[in-house]
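S.K.:
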Amino acid sequence: MTGERWRRLFRFYALAVYVFLYVPIAMLVLLSFNDSNAITLPWGGFTLRWYRALTENQSLFVSLKNSVILGLATAALATLIGSLAAFAFRYRFRGQAALMRMILLPLVIPGLTIGVALLLLFHALGVRPGLLTTTLVAHVGFALPYVFVLVSTRLHRFDASLEEAAMDLGADELTTFWQVTFPLIRPGIIGSALFAFTLSFDEFIRTLFTIGNDNTLPIQIWSMLGSMVSPELNAVATLIVVASVGVVVLGEVLRGRDR
Amino acid sequence: MAIEHLDTRPGSERWTAAPPGVRSDVLALLHRVGWVKILLFLLPALLLLAVYLVIPVAMLVVMSFYRSTMFGITRDFSLGNYAHFAGNPMFPYLLLKSIRMALTVTVLSLLVSYPFAYFLARMSGRFKTALLILVMVPFWTSYLIRTMAWLPILGIKGVVNYSLLSLQLVTKPVEVFLFNEFSVILTLVHIYLPYMVVPIFLSLDRLDVRLLEAAGDLGANPLRAFWHVTLPLSMPGVGGGIVMVFIAGFGAYVTPKLLGGSSGIMFGNVLADQYSGTFNWPFGAVLALIMITVVILLLVVASRFTRLDGVFRAQA
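Residue numbers (the numbering used here), protein chains in the order written: chain F, 41 to 299; chain X, 37 to 352.
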């Protein structure tokens with residue numbers, strides 16, 4: 041085959057993969073506007089009634105509020121803890137490589153086992169499950185390695201001689217940090233905070249085993265899935281897709297502007 | 037996944053360790069502050085790791101030797117839970133079945149992803165970035181929702197059946213699309229495809245085109261050049277993708293629970309049941325430890341073939 045034909049074949053193939061990735065989500069969005077009591081086709085006309093129904097679902101709003109609070113707390117704590125650790129890794133110390141592996145290990149441990157193990161720990165300690173206690177620990181622990189990687193990447197990419205120059209010119213360490221280092225890594229910090237928020241906002245399995253009575257949005261959806269099959273679910277899902285993508289796009293825009 | 041790693045300049049992988057010499061001046065400056073500060077910086081992360089990972093996993097180990105009785109959990113050392121696992125053929129069967137399903141998901145993802153990543157890496161400029169971002173956008177939405185999305189598609193009254201009926205390809209709805217292994221595997225491939233695409237793309241994108249030109253100059257046809265140059269050099273990405281997708285598939289809970297019915301059930305579901313249904317915590321601890329062991333074994337094997345640092349980096 042000629043190069044041109046190969047290219048056309050590849051293009052067609054790539055299109056098929058994108059269809060596979062996007063059609064289920066697009067279908068969900070489409071069905072959320074479907075004027076029919078069934079969760080699926082046939083198409084019964086355009087309606088906003090499933091969105092209107094959502095506005096009357098009190099527990100959904102409560103869970104949304106909980107998710108936002110938890111996400112903000114997770115973003116703040118994970119970014120702080122992860123960035124501090126990333127700073128420490130600019131120095132050399134003994135056991136550095138081993139500690140790095142330790143920090144990254146949670147990325148490959150299945151969330152289910154973490155959730156179960158945390159349940160055992162909190163139970164043994166007699167800690168009652170709660171949104172900003174047990175679940176927060178689960179979410180911050182989950183987000184930590186991601187923040188660490190994002191901030192580390194940023195820290196190692198900028199020119200360290202800028203810091204040297206500042207210190208040569210008489211700035212002390214703290215001034216150097218706030219005037220030179222921080223502005224340079226700020227995009228990385230903002231990006232990782234937004235990323236941590238999204239991770240927390242979408243997290244399900246670690247939440248399931250550490251949550252008390254205050255449901256998060258994914259947990260609320262999970263219980264709705266068990267109890268009802270209504271196009272309302274499609275409407276919630278659509279809103280979450282829009283929100284999640286929006287947050288990430290916002291993050292990229294903020295980072296891009298800073299770059 | 038963030039797009040931080042799109043930067044594939046030669047120096048960008050250096051964050052794992054400060055290169056000797058290059059920044060010695062600033063390192064010397066930083067050195068003055070001493071180890072107390074390093075420890076203070078690390079302390080919150082160390083505490084979090086202890087509470088999130090080390091102590092909980094230690095609890096699993098301890099719990100796995102306890103016994104669950106009708107009066108609650110008895111704290112005498114026993115290997116009974118391990119014997120229970122080995123003695124009941126259902127559990128080892130389920131373990132092997134889940135490994136097989138995860139492997140199927142991994143192989144399918146690899147087959148779909150490699151040509152796709154190859155295509156992406158061959159694109160140029162802004163278009164390439166946009167297309168890569170398009171791969172990752174679904175990844176930023178919850179897997180719960182991406183799993184849920186298949187319900188109205190595969191169900192008896194779902195989109196697929198609706199289309200088949202409308203086109204008169206079948207006379208009555210087909211039931212084999214949902215609540216079995218097929219629907220679980222299909223959905224897991226759908227959800228975790230980006231895990232495979234991104235690392236393979238990164239390794240292919242980094243590939244020096246001059247190597248291929250050299251192979252061509254030396255008389256290799258494109259197929260030979262691919263086999264002897266491109267493929268070996270993309271192996272770190274392939275290895276990374278395999279590790280990520282296998283672990284995600286093997287640890288699945290939501291997808292088999294929601295779309296698996298009774299025949300598509302996986303190890304994770306039985307594990308979770310010990311904590312929500314039957315309340316046999318000690319046995320659940322054994323199952324969790326087995327799951328972790330399988331993952332660690334895979335990492336040990338994989339690390340002999342590929343650098344796992346890249347795996348971690350690609351994930352963030």
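Glycine is no exception: its CB is placed at the ideal position from the N, C-alpha and C atoms.
Can you find a C-beta in chain F that's less than 8 Å from the C-beta of Gly252/X?
M.R.: Not closer than 8 Å to any Cβ of chain F, the Cβ of Gly252/X fails to qualify, so no.
S.K.: Give every residue of the same chain whose Cβ lies closer than 7 Å to the Cβ of Tyr231/X, excluding the five residues on either side of it in the sequence, and list them in chain order.
M.R.: For Tyr231/X, where only same-chain residues beyond five positions count, the Cβ hits under 7 Å are Gly277, Met280, Val281, Ala284.
S.K.: Starting from Thr110/X, follow its DSSP beta bridges and name the residues at the other end.
M.R.: In DSSP, Thr110/X forms a bridge with Arg103/X.
S.K.: How many Å lie between Leu368/X and Trp317/X at the Cα?
M.R.: As shown, chain X starts at 37 and ends at 352. That puts residue 368/X outside it, with no answer to give.
S.K.: Since Tyr118/X meets chain F, which of its residues come closer than 9 Å, beta carbon to beta carbon?
M.R.: In chain order: nothing, as chain F lies at least about 17 Å away.
S.K.: Here's the rule: buried if 16 or more other CB atoms are within 10 angstroms of the residue's CB, otherwise exposed. What is Phe341/X?
M.R.: Phe341/X should be labelled exposed.
S.K.: Leaving out five residues before and five after Met264/F in sequence, what residues of the same chain have Cβ atoms less than 7 Å from its Cβ?
M.R.: Answer for Met264/F: Leu273, listed in chain order.
S.K.: Whole angstroms is fine: what's the gap from Leu334/X's alpha carbon to Phe315/X's?
M.R.: Rounded to the nearest angstrom, the two C-alpha atoms are 29 Å apart.
S.K.: Please check the pair Ala236/F and Ala157/F, which I expect to be a contact at CB under 8 Å, by giving their CB distance rounded to whole angstroms.
M.R.: Between Ala157/F and Ala236/F the Cβ distance is about 21 Å, and since that is not below 8 Å, they are no contact.
S.K.: Would you kindly work out how many angstroms separate the C-alpha atoms of Phe130/F and Trp46/F, rounded to a whole number?
M.R.: Looking at the sequence itself, residue 130/F is Arg, so the reference to Phe does not match. In a straight line, the C-alpha of Arg130/F is about 47 Å away from that of Trp46/F.
S.K.: What residue ranges within the region 187-224 of chain F form continuous alpha helix (DSSP H) runs of no fewer than 4 residues, ordered along the chain?
M.R.: Listed in chain order, the complete alpha helix (DSSP H) runs (minimum 4 residues) inside the region 187-224 of chain F are 201-208, 213-216.
S.K.: Which residues in the same chain as Ala138/X place their Cβ atom closer than 6 Å to its Cβ, once the five residues preceding and following it in sequence are excluded?
M.R.: For Ala138/X, where only same-chain residues beyond five positions count, the Cβ hits under 6 Å are Phe282, Gly285, Phe286.
S.K.: In whole angstroms, what separates the C-alpha of Thr278/F from that of Leu71/F?
M.R.: Answer to the nearest angstrom: the Cα atoms are 9 Å apart.
S.K.: Which runs of the alpha helix (DSSP H), 4 residues or longer, sit entirely within the region 101-183 of chain F?
M.R.: Segments of the alpha helix (DSSP H) lying fully in the region 101-183 of chain F: 136-144, 151-165.
S.K.: So, helix, strand or coil for Phe86/F, using DSSP?
M.R.: Phe86/F: strand per DSSP, three-state reduction.
S.K.: Using a C-beta to C-beta distance shorter than 7 Å, which residues of chain X count as neighbours of Tyr91/F?
M.R.: By Cβ distance, chain X contributes nothing, its closest Cβ being about 16 Å from Tyr91/F, past 7 Å.
S.K.: So for Asn257/X, helix, strand or coil by DSSP?
M.R.: Coil at Asn257/X, not helix or strand.
S.K.: Relative to the C-alpha of Ala54/F, which residue among Val206/X, Ser178/X, Ala157/X is closest?
M.R.: Closest option to Ala54/F, Cα to Cα, is Ala157/X.
S.K.: Looking at Tyr186/F and Leu239/F, is the spacing between their C-beta atoms short of 8 Å?
M.R.: Yes; because the gap between Cβ atoms is below 8 Å, this pair is in contact.
S.K.: What residue range is occupied by the uninterrupted alpha helix (DSSP H) comprising Glu243/F?
M.R.: Where Glu243/F is concerned, there is no enclosing alpha helix (DSSP H), given that its DSSP letter is neither H nor E.
S.K.: Is any beta-carbon of chain X found at less than 8 Å from that of Met41/F?
M.R.: Residue placement at Met41/F is poorly supported in this model, since its pLDDT is 49, which falls under 50; the coordinates are not used for a value here.
S.K.: For a quick check, are the C-beta atoms of Pro290/X and Ile245/F less than 8 Å apart?
M.R.: Note that residue 290/X is Val in the sequence shown, not Pro. Yes; because the gap between Cβ atoms is below 8 Å, this pair is in contact.
S.K.: Please compile the residues from chain F whose C-beta is within a distance smaller than 7 Å of the C-beta of Ile74/X.
M.R.: Ala128, Tyr131, Phe133, listed in chain order.
S.K.: So, helix, strand or coil for Asn74/F, using DSSP?
M.R.: Three-state result, Asn74/F: strand.
S.K.: Are the CB atoms of Leu96/X and Met321/X within a distance shorter than 8 Å?
M.R.: The identity of residue 321/X in the sequence shown is Ala, whereas the question assumes Met. The answer is yes: Cβ separation under 8 Å.
S.K.: 8 Å is my cut-off, CB to CB: does Ala277/F come that close to chain X?
M.R.: It does: the Cβ of Ala277/F has a partner Cβ on chain X nearer than 8 Å.
S.K.: With a 10 Å radius around its C-beta and 16 neighbouring C-beta atoms as the bar for buried, classify Pro227/F as buried or exposed.
M.R.: Buried: at least 16 other Cβ atoms inside 10 Å.
S.K.: Taking C-beta to C-beta, are Ile227/X and Gly273/X nearer than 8 Å?
M.R.: Not a contact, by the Cβ cut-off of 8 Å.
S.K.: Quick one: is the Cβ of Phe218/X within less than 7 Å of any heavy atom of the ligand NAD?
M.R.: Looking for the ligand NAD in the displayed structure turns up nothing, as the structure carries no ligands at all.
S.K.: If the criterion is Cβ atoms closer than 8 Å, does the pair Leu61/F and Pro174/X meet it?
M.R.: In contact: Leu61/F and Pro174/X (Cβ atoms closer than 8 Å).
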